[in-house]
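Numbering (my numbering), first residue to last: 121 to 375.
Below, the structure is given as structure tokens:
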């Protein structure tokens with residue numbers, strides 16, 4: 121009982137110091153600081169457990185900041201409501217009381233403070249539940265993002281392999297076409313070589329024929345010259361014979 125009375129007296133002194141404008145800690149501020157520290161530690165644990173992308177981290181920090189700002193606003197509103205409710209009693213206490221340690225004053229509303237504390241704890245538990253849900257969703261989205269990245273890499277590898285296979289196939293087709301063109305050119309070259317050989321044979325045969333024709337021409341020319349000489353000799357002999365006959369006939373007529 122003595123411990124409880126001491127605790128109540130200390131609590132009363134803290135509440136009175138807050139009402140008188142002195143620097144006494146309040147329950148909502150302490151609760152909010154604990155929640156802020158817990159949120160920061162949870163955020164550090166989340167950052168250490170997995171490292172998502174920059175956009176996901178910024179989105180998560182933005183949501184945490186919004187939650188903390190909302191809690192700050194709620195805590196400030198609750199403190200202002202509590203101070204406004206206590207302002208009338210505080211003014212009377214300030215007018216009557218001049219020292220800090222007065223035990224005969226009216227005790228503070230413990231049930232109201234407990235209800236406020238319970239409400240804050242309920243809000244904190246709800247916020248923690250929301251944060252855990254958001255963390256689970258974030259982890260799930262991060263896993264999905266990692267899976268999508270892995271699938272993207274696999275698709276890129278497949279596309280690269282397909283592109284390589286297509287390029288290899290195109291090279292094979294080009295090589296096949298080049299081989300076909302080479303075969304066609306080789307056939308054409310073979311045919312042209314055969315034609316050239318045939319023309320060479322024809323030229324050789326025509327040269328032989330020309331040589332034979334020249335030989336025949338020279339032989340015929342020789343024969344013609346021989347016949348010409350013989351004809352001239354025959355003509356000369358005939359002329360001599362005619363002349364001799366003429367002389368004999370003329371001599372006979374004269375005689």
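For each residue, glycine too, the CB sits at the ideal point set by N, CA and C.
| Query | Result |
| --- | --- |
| Where residue 263 sits in the DSSP three-state scheme | helix |
| Residue 229, DSSP secondary structure in three states | coil |
| Interface flag, residue 239 vs chain B, CB-CB below 7 Å | Chain labels in this structure do not include chain B; a single protein chain is all it has. |
| Span separating the alpha-carbon of residue 279 from that of residue 257 | 32 Å |
| Cα-Cα separation, residue 252 to residue 290 | 56 Å |
| Given residue 182 as reference, the closest of 236, 344, 254 once Cα atoms are compared | 254 |
| Straight-line gap, residue 304 to residue 336 (C-alpha atoms, nearest Å) | 47 Å |
| Neighbour-count burial assignment, residue 360, 16 or more Cβ in a 10 Å radius | exposed |
| Euclidean distance between Cα positions of residue 351 and residue 321 | 44 Å |
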